[in-house]
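Report on one structure; see the data block that follows.
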Amino acid sequence: MIKEFKEFIMRGSVLDLAVGVVIGSAFTAIVTQVVEGLITPLISLIFVLTTGKKSADDALGALVYKVEGVEFN
10 MIKEFKEFIM
20 RGSVLDLAVG
30 VVIGSAFTAI
40 VTQVVEGLIT
50 PLISLIFVLT
60 TGKKSADDAL
70 GALVYKVEGV
80 EFN
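Residues in the sequence shown are numbered consecutively from 10, following this note's numbering.
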């Protein structure tokens, strides 16, 4: 039984899938950090500069929506 399992694991398709999952997880973390650390601050800066407000909170304050009493910002 162990021999068959080892043969199954050593087939290329299973190893390719495992490598793909690991790479996908790492790529997800990289994209999240780029968006949180670079893209979001740049968008906030654009809002501040184009609206003439003093801070991003002031500039984005107009983007608060209420749906059935629940605020989304």
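Virtual Cβ for every residue (Gly too), placed ideally from N, Cα, C. Keep in mind the model is a prediction, meaning the values are calculated, not measured.
Pull up the CB-CB distance for residue i and residue j, whole angstroms please, since I reckon it's below 8 angstroms.
i   : j   : result
V23 : F14 : Rounded, the Cβ-Cβ distance is 11 angstroms, inconsistent with contact.
Give the DSSP bridge partners of residue i, in chain order.
i   : result
E80 : K75
For residue i, I'd like the list of residues in its chain whose CB is within less than 6 angstroms of its CB, leaving aside the five on either flank, ordered along the chain.
i   : result
G46 : none
I'd like the list of long-range same chain contacts for residue i, defined as Cβ closer than 7 angstroms, with 5 residues on each side in sequence excluded.
i   : result
A35 : none
Return the chain-ordered ranges of every alpha helix (DSSP H) run that is complete within the stretch 11 to 60 and spans a minimum of 4 residues. Those alpha helix (DSSP H) runs which fall completely within the stretch 11 to 60 and span 4+ residues are 11 to 19, 21 to 43 and 49 to 60.
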